[in-house]
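Residue numbers (the numbering used here), protein chains in the order written: chain A, 1 to 197; chain B, 1001 to 1197; chain C, 2001 to 2197; chain D, 3001 to 3197.
See below for the structure under consideration.
Number of protein chains: 4
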Amino acid sequence: MSPRTKAQIEKIRDDRRKQIMNVALHLFATEGYAHCTIAMLAARTGISKGLMYHYFNSKEALLEAIIEEGLDEVMNLFDPNRDGVLTSREFIDFIRKVFAVMRSDKEFWVLYVSVIMQPRVKEHLTDKPIIRSIEQFLQILMEYFTRKGFDDPNLEVLTLSAMIEGLGILMVYTYPEMKFPDELLEKYEKRIIEMYQ
Amino acid sequence: MSPRTKAQIEKIRDDRRKQIMNVALHLFATEGYAHCTIAMLAARTGISKGLMYHYFNSKEALLEAIIEEGLDEVMNLFDPNRDGVLTSREFIDFIRKVFAVMRSDKEFWVLYVSVIMQPRVKEHLTDKPIIRSIEQFLQILMEYFTRKGFDDPNLEVLTLSAMIEGLGILMVYTYPEMKFPDELLEKYEKRIIEMYQ
Amino acid sequence: MSPRTKAQIEKIRDDRRKQIMNVALHLFATEGYAHCTIAMLAARTGISKGLMYHYFNSKEALLEAIIEEGLDEVMNLFDPNRDGVLTSREFIDFIRKVFAVMRSDKEFWVLYVSVIMQPRVKEHLTDKPIIRSIEQFLQILMEYFTRKGFDDPNLEVLTLSAMIEGLGILMVYTYPEMKFPDELLEKYEKRIIEMYQ
Amino acid sequence: MSPRTKAQIEKIRDDRRKQIMNVALHLFATEGYAHCTIAMLAARTGISKGLMYHYFNSKEALLEAIIEEGLDEVMNLFDPNRDGVLTSREFIDFIRKVFAVMRSDKEFWVLYVSVIMQPRVKEHLTDKPIIRSIEQFLQILMEYFTRKGFDDPNLEVLTLSAMIEGLGILMVYTYPEMKFPDELLEKYEKRIIEMYQ
DNA sequence: CATGAATGAGAATTCATTCAT
DNA sequence: AATGAATGAATTCTCATTCAT
């Protein structure tokens, strides 16, 4: 029963924080940000409303943390070897990871999309580093397609983006219960890789 | 002096209704459904809060009306000649119309997407006839691709849907400022037509 | 198609007025005064809200008219021969009428009671002549019991009033669906007559 | 400094709840349910409107709580010894208690009556246990009168109910200013006891 | 006489946030 | 660190009443 060490306290704090964020991610995604109340989140997390404010200064701060840290994780996943040049192998790898994430982190996708889509949300994110990462990434893609000799790299960036983003939307919203059998997803993945490898 | 005729009253009602819906469509799209208050909508429409409720029973009912009637209009636009068989010509026509709508009714798109994406919104639409229309339409596409001799019509429906839906998302959200020069959009449109005509 | 005569117009007006009052009586009684809206009343009557205000200056005026005219009617029914002296025969007659009214005008009873009971309603009626009539009537009863040689006429007025009013309440509220078979009511009526004739 | 214990919180909640209900009982009774606003109740209680909703989900829920808990208390008061058999002594005791309550809890009576009388209120109570209690109680009375050898026990239940309920109404509404001198009430009470003991 | 669109004042309700304990 | 009572500002919704036609 010795008093907890600084590190232990830190860990508890961190776990709580993550726990709150996970619950919120889930609820925001399934119930909608506006419809979720702090009371709901607290109850689901099993803590008091007051304690929520020890971890996040406001409902909005909680949202921002989820988005930012989530995107960060995703971007890190995709981060090519930072030399700024995408090889065919790295490209394939990237596509594979995208599909893996889509399959496994469906819930983050839902939130990401549903929240990003909220008018006025973008403003909150505009100056965040994540946006720069995305832009930088698109730049790398542009160069990849140029190097590959495509007539209009812009058109290919657009096509690729649309095919991926479109799939996400369809998975998440339009036919959520629809099956998307693994076989079909694999074919779709394969098609993209063949188009652009 | 004489009381208004039924027709006159009908017209007033209809005009107001449309007017409110247009204002709401615009505001929901730019400010977000949750952020819009009835007071805002009323002020923008130039009427009293009370009158809003004369036309729509609740904020949610207003939203539903916009979605439903909007989707209806869009679906009617695409309505092939109802024999249930899609010819190559009709298919091309359909794609052309989709892009035309995307270009001109961008605002409806924004709302449609941003709202459809709101968790809990789908439930409202589940039993609405519009959903059946969409399903029916996908069925027609399936048959079209089968007739055309594609190996996996399912994969083609998915690809086509994703390419269109994905473009919509990109136009509206992800790179709204990236102007999607007409030239680029035309190339994208042409590509789709060539893939599937 | 000659223009309607003054008298005809007057009659139409009067009929409408009565019609509105009947509808309102019914709705106030079954739905509660506060819960009834002018819109409801107008719709049920089959006229416009605006027209309601041609006949009654306000919702409250309508209520007052119903109460006052209704009570008036009832009181007239009971009006003994105005010499201010109640004979045994007149007393029996009075009791008989009371029970007849209770049986037939149940609905007016409901409204009368439910409305009279509303706190703040009495104030509206305080100076109305109807109140004087009631007081005068109680006075006559007092004299009747005195003449009959009852020890404490006050106690008898109270008992009689309670037995009648109590029955009304029970019929209307406490056991509305309960039958109160005619046989039972008749026995109750007979008992009262025997107690005081 | 330390957080409040569960018991402390429980007590605060309980006290507040009771406080709100008492204020509401008083105001509903004197001003009428429909005329009372949450703002009024909150101001009188000395708390914020918001807190009202912390304790009761709606104005109606508050009303229901008052009625239900109040009736419960009253019924408990009258609860005979639950063997389901009423002795003469118990009967007399019951009548005494009724009159005591009428004299002391006049305010609850007013509310009970005025509210029970509101059309649409009964529906709320229909399935509540209190209704069963009342029915059960009437059953016990029936048996009492049967055992006592009355010709038509039904008639006696009706008479007794009417005499009591009628007195309540009269006290509360019809002649509130006529003070019902104690002497008169005692005579009335004695009369009932003599009729049925 | 008749209509129902329109108003506006007010009512109920919600909820992020604060704070005493 | 932890709690949930308490606040208050904002928001949705209601409805008697007015008025142009």
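Glycine included, C-beta positions come from ideal geometry on N, C-alpha and C.
In this text, all values refer to a predicted model and were calculated from it rather than measured experimentally.
Tell me the rounded alpha-carbon separation between B:Pro1181 and A:Thr159. The residue you call residue 1181 of chain B lines up with position 181 of the second sequence. The residue you call residue 159 of chain A lines up with position 159 of the first sequence. Taking the Cα positions, B:Pro1181 is about 14 Å away from A:Thr159.
Classification of D:Glu3135 by the beta-carbon crowding that lies within 10 angstroms, buried from 16 upward: On the fourth sequence, position 135 is the one that residue 3135 of chain D refers to. D:Glu3135 is exposed by the Cβ-count criterion.
Cβ neighbour criterion (16 or more within 10 Å) applied to A:Tyr77: On the first sequence, position 77 is the one that residue 77 of chain A refers to. Note that residue 77 of chain A corresponds to Leu in the displayed sequence, not to Tyr. With fewer than 16 neighbouring CB atoms inside 10 Å of its own CB, A:Leu77 falls in the exposed class.
Kindly indicate which three-state DSSP category D:Thr3018 falls into: helix, strand or coil? Within the fourth sequence, the letter at position 18 stands for residue 3018 of chain D. For the sequence presented, residue 3018 of chain D should be read as Lys rather than Thr. Residue state for D:Lys3018 is assigned as helix, using DSSP reduced to three classes.
Determine the contact status of C:Tyr2112 and C:Gly2070, defining contact as a CB-CB distance below 8 Å. Position 112 of the third sequence, counted from the start, is the residue given in the question as residue 2112 of chain C. Position 70 of the third sequence, counted from the start, is the residue given in the question as residue 2070 of chain C. Taking the C-beta atoms as reference points, C:Gly2070 is found nearer than 8 Å to C:Tyr2112.
In angstroms, rounded to a whole number, what distance separates the CA positions of C:Phe2028 and B:Phe1056? Residue 2028 of chain C sits at position 28 when you count from the first residue of the third sequence. Residue 1056 of chain B sits at position 56 when you count from the first residue of the second sequence. Between C:Phe2028 and B:Phe1056, the C-alpha separation is close to 27 Å.
Please identify, using Cβ separations under 7 Å, the residues of the segment 2033 to 2049 of chain C that lie next to chain D, in order along the chain. Answer in chain order: Ala2034 and His2035.
Can at least three beta-carbon pairs, one atom from the segment 1041 to 1053 of chain B and one from the segment 1014 to 1033 of chain B, be found at a separation below 8 Å? A contact exists between the segment 1041 to 1053 of chain B and the segment 1014 to 1033 of chain B.
What is the residue span of the alpha helix (DSSP H) that D:Thr3037 lies within? For the purposes of this step, residue 3037 of chain D is taken as the residue at position 37 of the fourth sequence. D:Thr3037 -> no alpha helix (DSSP H), and no H or E assigned at all.
Within this structure, are the beta carbons of A:Ile95 and B:Gly1166 separated by less than 8 Å? Here residue 95 of chain A refers to the residue found at position 95 of the first sequence. Here residue 1166 of chain B refers to the residue found at position 166 of the second sequence. No, Cβ-Cβ distance for A:Ile95 and B:Gly1166 is not below 8 Å.
Output, in sequence order along the chain, the residues in the segment 3135 to 3156 of chain D whose CB is closer than 7 Å to any CB in chain C. Answer in chain order: Asp3152, Asn3154 and Leu3155.
How long is the line joining the alpha carbons of A:Tyr188 and A:Glu194, rounded to whole angstroms? Counted from its first residue, the first sequence places residue 188 of chain A at position 188. Counted from its first residue, the first sequence places residue 194 of chain A at position 194. Cα to Cα, the separation comes out at about 10 Å.
Three-state class that DSSP yields for D:Gln3136 in the structure shown: Numbered from its first residue, the fourth sequence carries residue 3136 of chain D at position 136. Three-state DSSP puts D:Gln3136 in a helix.
Where D:Met3163 falls, given that 16 or more other Cβ within 10 Å makes a residue buried: The residue given as residue 3163 of chain D occupies position 163 in the fourth sequence. A buried status is given to D:Met3163, since no fewer than 16 other beta-carbon atoms sit within 10 Å of its beta-carbon.
State buried or exposed for A:Met1, treating a residue as buried only when at least 16 other CB atoms are found within 10 Å of its CB. Here residue 1 of chain A refers to the residue found at position 1 of the first sequence. Caution is warranted here: a pLDDT of 47 is assigned to A:Met1, below 50, making its placement in the model unreliable, and the coordinate value is therefore given only provisionally. Label assigned to A:Met1: exposed.
If you follow the alpha helix (DSSP H) that D:Ile3169 is in, where does it begin and where does it stop? As a first step, residue 3169 of chain D is located in the fourth sequence; it is residue number 169 there, counting from the start. Here the alpha helix (DSSP H) through D:Ile3169 covers Pro3153 to Ile3169.
Does DSSP classify B:Leu1086 as helix, strand or coil? The sequence position of residue 1086 of chain B within the second sequence is 86, counting from 1. Three-state DSSP puts B:Leu1086 in coil, outside helix and strand.
Could one say the Cβ of D:Thr3159 lies closer than 8 Å to chain C's Cβ atoms, at least one of them? Within the fourth sequence, numbered from 1, the residue matching residue 3159 of chain D stands at position 159. With its beta carbon less than 8 Å from one in chain C, D:Thr3159 belongs to the interface.
With a Cβ-Cβ cutoff of 8 Å, do C:Leu2155 and C:Phe2099 count as a contact? As a first step, residue 2155 of chain C must be located in the third sequence, where it is residue number 155. As a first step, residue 2099 of chain C must be located in the third sequence, where it is residue number 99. Cβ atoms of C:Leu2155 and C:Phe2099: not closer than 8 Å.
Which first and last residues belong to the alpha helix (DSSP H) in which B:Asn1262 is found? Here chain B has residues from 1001 to 1197 only, and residue 1262 of chain B is not among them.
Cross-chain neighbours of C:Lys2059 in chain D, by beta carbon under 8 Å: Position 59 of the third sequence, counted from the first residue, corresponds to residue 2059 of chain C. Within chain D, no residue comes near C:Lys2059; the closest Cβ sits about 12 Å away, beyond 8 Å.
Using 8 Å as the threshold, is the C-beta distance between A:Ala24 and A:Leu62 below it? Walking along the first sequence from the start, residue 24 of chain A turns up at place 24. Walking along the first sequence from the start, residue 62 of chain A turns up at place 62. Yes, the Cβ-Cβ distance between A:Ala24 and A:Leu62 is below 8 Å.
Does D:Ala3007 come within less than 8 Å of chain C when only Cβ atoms are used? Start at 1 with the first residue of the fourth sequence, and residue 3007 of chain D comes out as number 7. By this cut-off, D:Ala3007 is not an interface position.
For A:Lys97, which of A:Leu86, A:Ser88, A:Trp109 and A:Val74 has the nearest alpha-carbon? Position 97 of the first sequence, counted from the first residue, corresponds to residue 97 of chain A. Of the candidates A:Leu86, A:Ser88, A:Trp109 and A:Val74, the one whose C-alpha sits nearest the C-alpha of A:Lys97 is A:Val74.
For B:Gln1008, which three-state DSSP category applies? For this step, residue 1008 of chain B is matched to residue 8 along the second sequence. DSSP, reduced to helix, strand and coil, places B:Gln1008 within a helical segment of the structure shown.
Among B:Arg1191, B:Tyr1196, B:Pro1003 and B:Thr1030, which has the Cα closest to the Cα of B:Lys1106? Position 106 of the second sequence, counted from the first residue, corresponds to residue 1106 of chain B. Out of B:Arg1191, B:Tyr1196, B:Pro1003 and B:Thr1030, B:Thr1030 has the C-alpha closest to the C-alpha of B:Lys1106.
is_contact[A:Ile169, chain B] using C-beta, thresh 8 Å: Taking the first sequence and counting its residues from 1, one reaches residue 169 of chain A at position 169. Judged by the 8 Å Cβ criterion, A:Ile169 is in contact with chain B.
For A:Gly84, is the classification buried or exposed, using 16 other Cβ atoms within 10 angstroms of its Cβ as the cut-off for buried? As a position in the first sequence, residue 84 of chain A is number 84, starting the count at 1. When all chains shown are included, A:Gly84 counts as exposed.
Within 8 Å of any Cβ in chain D, is that where the Cβ of C:Lys2200 sits? The structure shown does not extend to residue 2200 of chain C, since chain C is modelled only from 2001 through 2197, so no value can be given for it.
When every heavy atom of the ligand NAD is checked, does at least one fall within less than 7 Å of the C-beta of D:Ile3131? In terms of ligand content, the structure shown is empty, and the ligand NAD therefore cannot be addressed.
Neighbour flag for A:Met102 against chain B, beta carbons, 8 Å: The residue labelled residue 102 of chain A in the question sits at position 102 within the first sequence. No, A:Met102 does not count as interfacial toward chain B.
At what residues does the alpha helix (DSSP H) containing B:Asp1182 begin and finish? As a working note, residue 1182 of chain B is residue 182 in the second sequence. For B:Asp1182, the enclosing alpha helix (DSSP H) starts and ends at Asp1182 to Tyr1196.
Quick one: list the residues of chain C neighbouring D:Leu3184, beta-carbon separation under 7 Å, in chain order. In the fourth sequence, counting from the first residue as 1, residue 3184 of chain D sits at position 184. Chain C residues near D:Leu3184: Asn2154, Leu2155 and Leu2158.
Counting only the same chain and skipping the five closest in sequence on each side, list residues whose C-beta sits under 6 Å from that of A:Pro153. Looking up residue 153 of chain A in the first sequence gives position 153. So the qualifying residues of the chain are Met142, Phe145 and Thr146.
Hey, out of C:Met2171, C:Ser2088, C:Ser2058 and C:Ile2067, whose CA is closest to C:Ile2140's CA? In the third sequence, residue 2140 of chain C corresponds to position 140, counting from 1. When only C-alpha atoms are compared, the closest one is C:Ser2088.
Rounded to whole angstroms, what's the CA-CA distance from B:Ser1058 to C:Met2171? Just pull it up for me. Here residue 1058 of chain B refers to the residue found at position 58 of the second sequence. Here residue 2171 of chain C refers to the residue found at position 171 of the third sequence. One alpha carbon belongs to B:Ser1058, the other to C:Met2171, and they sit about 40 Å apart.
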